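Presented below is the structure to which this report refers.
Number of protein chains: 2
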Amino acid sequence: MSELKKKILLVEDDPNFGIVLKDYLMMNEYDVTHAKNGMEGFEKFKKDDYDLCILDVMMPYKDGFTLAKEIREKNTEVPIIFLTAKAMKEDVLKGYKVGADDYLNKPFDSEVLLMKIKAIMQRKATETVADSKQFEFKIGEFHLNSKLRFLRFRDEEPVKLSPKENELLRLLALHENDLMPRELALTKIWRDDNYFTSRSMDVYIAKLRKYLKQDENVEIVNIHGEGFRLVINQEA
Amino acid sequence: MSELKKKILLVEDDPNFGIVLKDYLMMNEYDVTHAKNGMEGFEKFKKDDYDLCILDVMMPYKDGFTLAKEIREKNTEVPIIFLTAKAMKEDVLKGYKVGADDYLNKPFDSEVLLMKIKAIMQRKATETVADSKQFEFKIGEFHLNSKLRFLRFRDEEPVKLSPKENELLRLLALHENDLMPRELALTKIWRDDNYFTSRSMDVYIAKLRKYLKQDENVEIVNIHGEGFRLVINQEA
DNA sequence: CTTGGGGTTTAACCTTACATTAACAAAAAT
DNA sequence: ATTTTTGTTAATGTAAGGTTAAACCCCAAG
Numbered sequence: 014m015s016e017l018k019k020k021i022l023l024v025e026d027d028p029n030f031g032i033v034l035k036d037y038l039m040m041n042e043y044d045v046t047h048a049k050n051g052m053e054g055f056e057k058f059k060k061d062d063y064d065l066c067i068l069d070v071m072m073p074y075k076d077g078f079t080l081a082k083e084i085r086e087k088n089t090e091v092p093i094i095f096l097t098a099k100a101m102k103e104d105v106l107k108g109y110k111v112g113a114d115d116y117l118n119k120p121f122d123s124e125v126l127l128m129k130i131k132a133i134m135q136r137k138a139t140e141t142v143a144d145s146k147q148f149e150f151k152i153g154e155f156h157l158n159s160k161l162r163f164l165r166f167r168d169e170e171p172v173k174l175s176p177k178e179n180e181l182l183r184l185l186a187l188h189e190n191d192l193m194p195r196e197l198a199l200t201k202i203w204r205d206d207n208y209f210t211s212r213s214m215d216v217y218i219a220k221l222r223k224y225l226k227q228d229e230n231v232e233i234v235n236i237h238g239e240g241f242r243l244v245i246n247q248e249a
Numbered sequence: 014m015s016e017l018k019k020k021i022l023l024v025e026d027d028p029n030f031g032i033v034l035k036d037y038l039m040m041n042e043y044d045v046t047h048a049k050n051g052m053e054g055f056e057k058f059k060k061d062d063y064d065l066c067i068l069d070v071m072m073p074y075k076d077g078f079t080l081a082k083e084i085r086e087k088n089t090e091v092p093i094i095f096l097t098a099k100a101m102k103e104d105v106l107k108g109y110k111v112g113a114d115d116y117l118n119k120p121f122d123s124e125v126l127l128m129k130i131k132a133i134m135q136r137k138a139t140e141t142v143a144d145s146k147q148f149e150f151k152i153g154e155f156h157l158n159s160k161l162r163f164l165r166f167r168d169e170e171p172v173k174l175s176p177k178e179n180e181l182l183r184l185l186a187l188h189e190n191d192l193m194p195r196e197l198a199l200t201k202i203w204r205d206d207n208y209f210t211s212r213s214m215d216v217y218i219a220k221l222r223k224y225l226k227q228d229e230n231v232e233i234v235n236i237h238g239e240g241f242r243l244v245i246n247q248e249a
């Protein structure tokens, strides 16, 4: 049964490091293709479908950012992780809004890389294209603008939401009337799933309930051991 | 059509290093003009349009900072990168005040330079042309003329704005009712994003709020960790 | 050269905003 | 019955933002 191994494109010019990393990832059940420079990386990218790209930034002739841009022109979805030299300053990275899913400074702990890969795969698996672009929601008599992070009830003054409140409510709204699994919120918003983040999330659920109390027909229901459901009852 | 190469003015007095750097940049598809001192650099600058200037700081007769200042008098837009001989913090700061986009300590990794160049070009590329031409705004009952740098409330005497006040308010107005990211203002107006420029910006926000207080329906709202929003409420 | 003023930055101090953790109560599952 | 999960409120620590005043820098007038 040809396993459904996830395909990773690894572009890394340092041959030693590249091979070590490739082997490590393959040991962890990924199907890894290794390209030794930007050109080769792009060729291989065009020839196949990948679930993830790991690009070294510092490469001669075609650096990781440039390659990422080319990849993005072909595919706006595929997650990209950059491997950057430690010396690289934040502002340089920020200048490049290629849409990276993560950065890792060399040298890095390979287990950290694995975790990031897992988190990204998980996130992508449960994400639709439309979702990532929706920032306004009608929730009963509320209006959520999750770009500007405010929640308005009818025509009243909007309430400002904190980043976490906002993301959580948005995620619930995306799953309106349906289950929003605990684990999903934890991996997407908290990027980690453990006892404490889980309790933290519960605290935020309580906060949201307080806001939403104004509208009788809106409530957040718990599904024990599973997650939460944003229920919206419409009156006839 | 492939001749859309970006033009770089390189001013570097060390002939060996200058030529090596020029060649390296040309290998990376830039159109490089090399000047061997500040005088020559300024002459060449006046004769042509460049997309970027790379200036050595340590040069006889006319140092990089002085040259930068002259360049800025002619052109407030063109990005400037300084090459400094050692880690000299004072000079670096001085450089930023001329409006440098970045600086590099010699000796530097040429790939890092490439990266910075790309980041800067990218930033320039994403600025819209339309924005750069709009200089008059209606802000509630205010009128902002950002060419002449004054702000008028109704028919009262216009208030004169300082350059920073003016640019900041203009940037807010360009994003009217929408988020104006902190980072955007800092990189565009202050050309640097650090603790101090950030605090400086907050001071200017306070000043603008003071001016805008006259109109009840205009306010600058903070979005924690993101930026500011110029909100204009219209009464029916 | 020195002095003064406009513009800007830095410092200081204070308030608000956020996220996490703790603590304990209640509900659900086993 | 007892363990696990969830609800809720409060306490804590840290970061971000608001405000004011002093320091600083440059430049131009005395």
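Chains A and B are the protein sequences, given in the same order.
Quick note: the numbering used here has the first sequence finishing at residue 249, numbered continuously throughout.
Quick note: the numbering used here has the second sequence finishing at residue 249, numbered continuously throughout.
Heads up, the beta-carbon is just placed ideally off N, CA and C, and yes, glycines get one too.
Predicted model only: the values in this text are computed from it and were never measured.
Inset, instruction - Would you please verify whether the beta carbon of A/G108 is less than 7 Å from any beta carbon of chain B? - result: In this predicted model, A/G108 has a pLDDT of only 43, less than 50, meaning its place in the structure is not dependable enough to derive any value.
Inset, instruction - With DSSP collapsed to three states, give me the class of B/A113. - result: Three-state result, B/A113: coil.
Inset, instruction - Counting only the same chain and skipping the five closest in sequence on each side, list residues whose C-beta sits under 7 Å from that of B/E196. - result: Counting only residues of its own chain and dropping the five nearest sequence neighbours on each side, B/E196 has a CB closer than 7 Å to the CB of D206.
Legend entry - A/N230 - containing beta strand (DSSP E), residue span: Run containing A/N230: none; DSSP gives neither H nor E here.
Inset, instruction - Note the first and the last residue of the continuous alpha helix (DSSP H) segment covering B/I133. - result: 123 to 138
Inset, instruction - Determine the extent of the beta strand (DSSP E) in which B/M71 is found, giving its start and end residues. - result: First-last for B/M71: undefined, no H or E at that position.
Legend entry - Burial state of B/L17 (16 or more Cβ within 10 Å): exposed
Inset, instruction - Indicate the three-state DSSP secondary structure (helix, strand or coil) for A/K226 in the structure shown. - result: coil
Inset, instruction - Just confirm the distance between the C-beta atoms of B/I133 and B/D122, as a whole number of angstroms; I'd bet it's less than 8 Å. - result: Actually they do not touch by this definition, with Cβ atoms about 17 Å apart.
Legend entry - C-alpha gap between B/I84 and B/I218, whole angstroms: About 29 Å.
Inset, instruction - Select from the region 156 to 177 of chain A all residues with a C-beta closer than 8 Å to any C-beta belonging to chain B, and list them in chain order. - result: K160, L161, R162, K173, S175, P176
Inset, instruction - Enumerate in chain order the residues of its own chain whose CB-to-CB distance from B/N41 is below 8 Å, with the five nearest sequence positions on each side excluded. - result: L127
Legend entry - Opening and closing residue of the alpha helix (DSSP H) in which B/R167 lies: Element bounds for B/R167: n/a, residue is neither H nor E.
Inset, instruction - With distances taken Cα to Cα, identify the nearest neighbour of A/K19 among A/Q135, A/L34, A/R212. - result: A/Q135
Inset, instruction - Go ahead and label B/L161 buried or exposed: buried means 16 or more other beta carbons lie within 10 angstroms of its beta carbon, across all protein chains shown. - result: exposed
Legend entry - Start and end residues, alpha helix (DSSP H) containing B/L80: 77 to 87
Inset, instruction - Please go through the same chain and pick out, in chain order, the residues whose beta-carbon is closer than 6 Å to the beta-carbon of B/P171, but skip the five residues on each side of it. - result: F163, R165
Legend entry - Minimum C-alpha distance to B/K129 - residue among A/V70, A/E169, A/D228, A/I93: Among A/V70, A/E169, A/D228, A/I93, the Cα nearest to that of B/K129 is on A/V70.
Inset, instruction - For A/Y224, I'd like the list of residues in its chain whose CB is within less than 7 Å of its CB, leaving aside the five on either flank, ordered along the chain. - result: Here A/Y224 has L164, V172 as same chain residues with Cβ atoms under 7 Å from its own Cβ, once five neighbours each way along the sequence are excluded.
Inset, instruction - Answer yes or no: do B/G238 and B/M193 have a C-beta to C-beta separation smaller than 7 Å? - result: No. Outside cutoff.
Legend entry - Contact residues within the region 223 to 245 of chain B, judged by C-beta distance below 8 Å to chain A: In summary, the residues of the region 223 to 245 of chain B whose CB is separated from some CB of chain A by less than 8 Å are I236, H237, G238, E239, R242, in the order they occur in the chain.
Inset, instruction - Give a yes or no on contact between the region 144 to 152 of chain B and the region 75 to 94 of chain A, applying the rule of three or more CB pairs nearer than 8 Å. - result: no
Inset, instruction - Name the two residues that bound the continuous alpha helix (DSSP H) containing A/A186. - result: 176 to 187
Legend entry - Cβ shell of B/N50 (< 8 Å), same chain only, five flanking positions each side left out: V24, D26, M72, P73, Y74, K75
Legend entry - Three-way DSSP call (helix, strand, coil) for A/G108 in this model: Low confidence applies to A/G108: its pLDDT is 43, below 50, so where it sits in the model is not reliable enough to give any reading.
Inset, instruction - Taking only the alpha-carbon atoms, compute the straight-line gap between A/F150 and A/L187 and give it to the nearest angstrom. - result: 8 Å
Inset, instruction - Tell me whether A/F148 sits in a helix, a strand or coil according to DSSP, three-state version. - result: coil
Inset, instruction - Note the first and the last residue of the continuous beta strand (DSSP E) segment covering A/I32. - result: From DSSP, A/I32 is part of no beta strand (DSSP E) but of the alpha helix (DSSP H) over 28 to 40.
Inset, instruction - Run the CB neighbour count on A/K107, radius 10 Å, all protein chains shown included, and call it buried at 16 or more, exposed below. - result: Below a pLDDT of 50, predicted positions are generally treated as unreliable, and A/K107, at 46, falls in that range; no measurement from the model is reported.
Inset, instruction - Figure out for me which residue from B/Q227, B/N235, B/V231 has the closest Cα to the Cα of B/D215. - result: B/N235
Inset, instruction - Provide the residue(s) that pair with A/F209 in DSSP beta bridges, ordered along the chain. - result: The partner list for A/F209 (beta bridge, DSSP) is empty, contrary to what the question assumes.
Inset, instruction - Could you tell me how far apart the beta carbons of A/T210 and A/L221 are, in whole angstroms, since I believe they sit closer than 8 Å? - result: About 16 Å; that fails the 8 Å criterion.
Inset, instruction - Report all residues from its chain with a CB closer than 8 Å to the CB of B/K35; omit the five preceding and five following residues, and keep chain order. - result: L23, V45, H47
Inset, instruction - With a 10 Å radius around its C-beta and 16 neighbouring C-beta atoms as the bar for buried, classify A/S175 as buried or exposed. - result: exposed
Legend entry - Length of the line joining the Cα atoms of B/V125 and B/L117: Approximately 9 Å, taken between the alpha carbons.
Inset, instruction - To the nearest angstrom, report how far apart A/K226 and A/E232 are at their CA atoms. - result: 7 Å
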